[in-house]
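Okay, so here's the structure we're looking at.
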Amino acid sequence: MAFRIVYTEFWNDPKVMEDMTPEDKYFYLYLLTNPCTNMIGIYRIVKKQMAFDLGYSIESINSLMTRFINTHKLVVYNDETKEICIKNYGKYNLNKGGKPMIDCIKKDLGNVVDKTLIKEISTNVKNASIKQLIEEYLSAINNVSLDDTYTNQNEINNDTYNLPNKKINFEEMAQSVCFDDTLSISGQNHNPITNNHNPKSIILNPITNNNESFVVVDEKDIINIYAHFQKCGFIGSAKLKEFIDADIKVFGADWMMEAASECVKRGKINNYGYLSGILQNWQTKGRDECRARTKNDNVVKPLRFNNFEPREYDYDSLEKQLLGWDK
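Residue 248 in UniProt numbering is what sits at position 248 of the sequence shown, and the numbering runs on without skipping anything.
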């Protein structure tokens, strides 16, 4: 069962003692300890649930949230993603490291949809290793980084990922989708929508027919991919759009979306280099073989005794013997 620590110092805090009403204190304790909380103090909770748990009306919850956001300045709430961030959470709860703690923090960071909330908690973290972890994560989500998943490092162009990374939201990415008929025929007229960008996935041989690349791109596929990448925690940017638009013509929509989901499972959020490595390994080694190998890593190998048939017992007879009824 999960638990959350609340220090007795909570009641001696000047802001709590002087600025908060009894209702505020009760609400703050709820935000710190409710079942939706996690290890980093950024979690998803809807106002209806707050009202139900506390027995308040929605109007009362809205009033409390306004006070905590604008007056006390203790929380930030994203109405779109329904995520709340407790600014001072790291001051008291992120002060002990260790691998289990780090693993939990990494998992919770990956589940945050509004990544801007992460910066709110990092300023109050005292533990050096945890603070460094959060800062490195913030740095990573703003840059598409290469990962060692790709097995043929000699073919990687170091300038491949050095593209302008102007942030755009996924809605803008979807609205900018505009393909002509040349993208649905053979690749003699294939010109990826890039700026001096040759994605490393293009190095490998795509599906061909008579030495011509098949380029089958549907506008709906691109829009679905953008939506799926957003769901998987990727940050919308001009750079990400460049990579997706180019790589979908090589690997197809299904592979792209499945690779994004695989990144989430492996904790590689917003890491397109890792995703690209997965795609290329699937292309060179076979997707089914790679997935089977990953799945079998967690399967316990049978013992040598498993090759023998188990002995069969007559349990009724055994019961009679144990009770002494067979005499």
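Think of the CB as a built atom: it goes at the ideal place given N, C-alpha and C, for glycine as much as any other residue.
Source: prediction; values computed, not measured.
Discussion item. My assumption, with CB atoms under 8 Å, is that residue 247 sits in contact with residue 256. Please give the rounded CB distance.
Written reply: Residue 247 to residue 256, Cβ: 6 Å. Contact.
Discussion item. Could you tell me the alpha carbon to alpha carbon distance between residue 317 and residue 35, rounded to whole angstroms?
Written reply: If I take the Cα positions, the gap works out to 51 Å.
Discussion item. Which residue marks the beginning of the alpha helix (DSSP H) containing residue 105, and which one marks its end?
Written reply: Following the DSSP letters along the chain, one finds residue 105 inside the alpha helix (DSSP H) bounded by residues 99-111.
Fill in: Where residue 70 falls, given that 16 or more other Cβ within 10 Å makes a residue buried
Exposed is the call here.
Item to complete: Within the same chain, show all residues whose beta-carbon is closer than 8 Å to that of residue 140, passing over the 5 residues directly before and after it, in chain order.
Response: Beyond the five residues adjoining it in sequence on each side, residue 140 comes within less than 8 Å, by CB distance, of 270 and 271 in the same chain, given in chain order.
Discussion item. Using only the alpha-carbon positions, how far apart do residue 225 and residue 253 sit?
Written reply: The alpha-carbon atoms of residue 225 and residue 253 are separated by roughly 7 Å.
Worksheet item: What three-state label does DSSP hand residue 83 in the structure shown?
Response: In the displayed model, residue 83 falls within a strand according to three-state DSSP.
Practice prompt. Please confirm if the stretch 38-48 is in contact with the stretch 96-113, defined as three or more CB-CB distances below 8 Å between the two stretches.
Written response: These segments touch.
Worksheet entry | Through-space distance from residue 68 to residue 78, alpha-carbon basis | In a straight line, the C-alpha of residue 78 is about 13 Å away from that of residue 68.
Practice prompt. Classify residue 67 as helix, strand or coil using the three-state DSSP reduction.
Written response: The answer is helix: DSSP assigns residue 67 an H, G or I state.
Worksheet item: Rounded to a whole number of angstroms, what is the C-alpha to C-alpha distance between residue 7 and residue 240?
Response: Computed Cα separation, rounded: 43 Å.
Worksheet item: If we count the other Cβ atoms within 10 Å of its Cβ and call it buried at 16 or more, is residue 12 buried or exposed?
Response: That one is exposed.
Worksheet item: Comparing alpha-carbon positions, which option in 133, 118, 268 and 266 lies nearest residue 98?
Response: Comparing Cα positions, the closest option is 133.
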